[in-house]
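There are 2 protein chains.
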Amino acid sequence: MNNLGNTKKDNATENIALDEKDIAILQLLEEDAKMTIRDLAAKLNLSATPVYERIRKMEQAGVIRQYAAIVDPSKIDKALTVLCYISLKEHGKKAGTKFIKEITSFPEVMECLNISGQFDFMLKVQVKDMLAYHEFNVNKLGELDNIRHMESVFVMSVIKATHRVVY
Amino acid sequence: MNNLGNTKKDNATENIALDEKDIAILQLLEEDAKMTIRDLAAKLNLSATPVYERIRKMEQAGVIRQYAAIVDPSKIDKALTVLCYISLKEHGKKAGTKFIKEITSFPEVMECLNISGQFDFMLKVQVKDMLAYHEFNVNKLGELDNIRHMESVFVMSVIKATHRVVY
DNA sequence: TTTGAAACGGAACATTATTCTATACTGATA
DNA sequence: TATCAGTATAGAATAATGTTCCGTTTCAAA
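Chains A and B are the protein sequences, given in the same order. Just so we're aligned, residue 27 is where the first sequence starts under the working numbering, counting upward by one. Just so we're aligned, residue 27 is where the second sequence starts under the working numbering, counting upward by one.
Right under this line is the structure:
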């Protein structure tokens with residue numbers, strides 16, 4: 027295993043130029059991060075060294091943010107996905123920061139986006155079932171004091187879900 | 027690097043029971059898939075062998091679906107995320123399948139969810155900027171013949187985004 | 001207490017990542 | 001055109017890691 031990893035913590039901000047070979051490497055690693063450097067090299071008609079160096083540079087530049095194992099939610103008894111839309115009463119900086127701090131602390135919240143439109147935030151919540159979502163709603167969201175309005179949209183099936191952003 | 031990988035293609039459906047050690051392994055690999063088996067073993071007070079075997083079983087059972095390199099969209103000039111809500115004219119099986127096939131073929135579409143509520147689908151679209159989204163809208167979505175209504179919600183900032191589902 | 005299956009530890013082995021050095025390439029300059 | 005500096009590359013050597021093997025332990029059922 028390469029130890030190029032551990033890119034998670036640092037917020038590298040440098041910008042680097044990516045050529046076609048870098049893009050090709052990214053596309054392959056997005057699909058299978060365990061692909062060996064030699065296999066990557068073979069696909070790109072290169073030797074191991076340049077591929078290794080390119081990956082290292084992209085990790086340090088923050089292009090590759092993380093290597094993650096993707097777990098199937100249904101296999102660990104988290105079969106229900108809910109999109110939860112929230113608008114706040116107070117929109118001041120202080121109130122917003124407080125809300126964000128609270129929301130991000132909930133492990134059920136996989137994603138929290140600040141959005142345009144009638145709502146302020148969209149949460150993607152992953153739970154066991156409807157009962158678990160109800161409890162999340164009452165015991166966690168219900169405890170927050172700055173929520174004006176809330177709306178839940180339930181995910182019936184996942185048609186497509188990818189982490190690939192390079193194309 | 028372990029070659030336990032390549033879990034992507036197979037839809038393993040077997041269900042296996044996970045104990046606390048398996049959960050601990052999953053949590054660590056969700057954060058850093060490059061962590062070595064020996065490091066994992068040290069954190070769990072185990073030797074390498076049982077950790078290796080547990081990972082292999084979870085891969086074969088489909089609990090670990092994939093190992094992915096996560097790329098920062100802004101670093102590859104894909105800075106705009108849009109949530110695109112779509113309702114169809116025809117909801118028959120044939121029409122639905124056709125729509126799904128077309129939608130999933132667009133690389134800009136990172137995610138497509140079949141949802142409850144007034145819309146049928148939510149798309150998460152990742153593009154360079156507003157102009158690129160406009161072109162996606164006109165040239166790709168605009169070519170589909172089964173769309174009744176459409177609404178775009180723009181992501182202003184990402185407060186939280188994780189792939190961790192194990193907790 | 002006995003037995004069998006599963007989990008485990010430690011060492012040996014196989015594969016891969018990583019480093020090192022020399023060479024080939026590229027673009028700019030004179 | 002010739003020369004130079006910087007970068008990218010290949011190939012071999014080394015270090016680190018994944019993977020297998022085998023004997024031992026654990027633990028629950030009989």
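Even glycine gets a Cβ: it sits at the ideal position worked out from N, Cα and C.
Unbroken alpha helix (DSSP H) run spanning residue i, endpoints
i: B/Leu106; result: Where B/Leu106 is concerned, there is no enclosing alpha helix (DSSP H), although the beta strand (DSSP E) it sits in stretches over 106-114.
i: A/Leu55; result: 46-57
i: A/Val77; result: 74-86
i: A/Lys196; result: Residue 196 of chain A cannot be examined here, being either before or after the span of chain A that is shown, 27 to 193.
i: B/Leu157; result: 156-161
i: B/Arg190; result: Premise fails: B/Arg190 is in no alpha helix (DSSP H) and is neither H nor E.
i: B/Ile63; result: 63-70
Cβ neighbour criterion (16 or more within 10 Å) applied to residue i
i: B/Tyr159; result: buried
i: A/Val184; result: exposed
i: B/Glu134; result: buried
i: A/Tyr193; result: exposed
i: B/Asn49; result: Reading the sequence as shown, one finds Ile at residue 49 of chain B and not Asn. Classification for B/Ile49: exposed.
i: A/Val164; result: exposed
i: A/Ala94; result: buried
i: B/Asn41; result: exposed
i: B/Glu56; result: buried
i: A/Ala187; result: exposed
i: B/Lys60; result: buried
Rounded separation between residue i and residue j - CA only
i: A/Ile63; j: B/Gln152; result: 28 Å
i: A/Ala74; j: B/Gly88; result: 31 Å
i: B/Leu114; j: B/Asp146; result: 7 Å
i: A/Asp98; j: B/Arg91; result: 6 Å
i: B/Gly168; j: B/Ser131; result: 15 Å
i: B/Val108; j: A/Asn140; result: 11 Å
i: A/Glu85; j: A/Ala68; result: 21 Å
i: B/Leu66; j: B/Gly122; result: 45 Å
i: A/Phe125; j: A/Glu161; result: 19 Å
i: B/Glu128; j: B/Cys138; result: 11 Å
i: B/Lys119; j: B/Asp58; result: 41 Å
i: B/Ile112; j: B/Met136; result: 15 Å
i: B/Ala43; j: A/Ala43; result: 46 Å
i: B/Asn32; j: B/Glu116; result: Because B/Asn32 sits at a pLDDT of 41, beneath the cut-off of 50, its placement in the model cannot be relied upon, and the following sentence gives the value as read from the coordinates. Cα to Cα, the separation comes out at about 38 Å.
i: A/Leu54; j: B/Leu54; result: 23 Å
i: B/Lys34; j: A/Lys83; result: Unreliable positioning characterises B/Lys34 in this predicted model, as indicated by a pLDDT of 39, which lies under 50. The coordinate reading is nonetheless provided below. Each residue's Cα considered, the two are about 26 Å apart.
Residue i versus the options, residue with shortest Cα-Cα distance
i: B/Lys166; options: B/Cys110, B/Ile51, B/Ile42, B/Asp98; result: B/Cys110
i: A/Met156; options: A/Asn140, A/Met176, A/Val181; result: A/Val181
i: B/Ala105; options: B/Lys150, B/Ala95, B/Asn71; result: B/Lys150
i: B/Val179; options: A/Met148, A/Glu46, A/Met61; result: A/Met148
i: A/Glu46; options: B/Ala187, B/Ile102, B/Glu57, B/Thr123; result: B/Ile102
i: B/Gly143; options: A/Glu177, A/Ser100, A/Val191; result: A/Glu177
i: A/Arg190; options: A/Ile96, A/Ala43, A/Asn71, A/His117; result: A/Ile96
i: A/Asn71; options: A/Ile51, A/Lys60, A/Ala59; result: A/Ile51
i: B/Ser100; options: B/Leu44, B/Lys154, B/Ala43; result: B/Lys154
Start-to-end residues for the beta strand (DSSP E) that takes in residue i
i: A/Tyr93; result: 90-97
i: A/Ile173; result: 173-187
i: B/Met148; result: 147-153
i: B/Met136; result: 135-141
Heavy atom of the ligand FAD within 8 Å of residue i beta-carbon
i: B/Phe162; result: The ligand FAD is absent from the structure shown, which contains no ligand whatsoever.
Legend entry - Contact the segment 165-176 of chain B vs the segment 76-84 of chain A: 3+ CB pairs below 8 Å: Inter-segment contact for the segment 165-176 of chain B and the segment 76-84 of chain A is absent: fewer than three beta-carbon pairs are separated by less than 8 Å.
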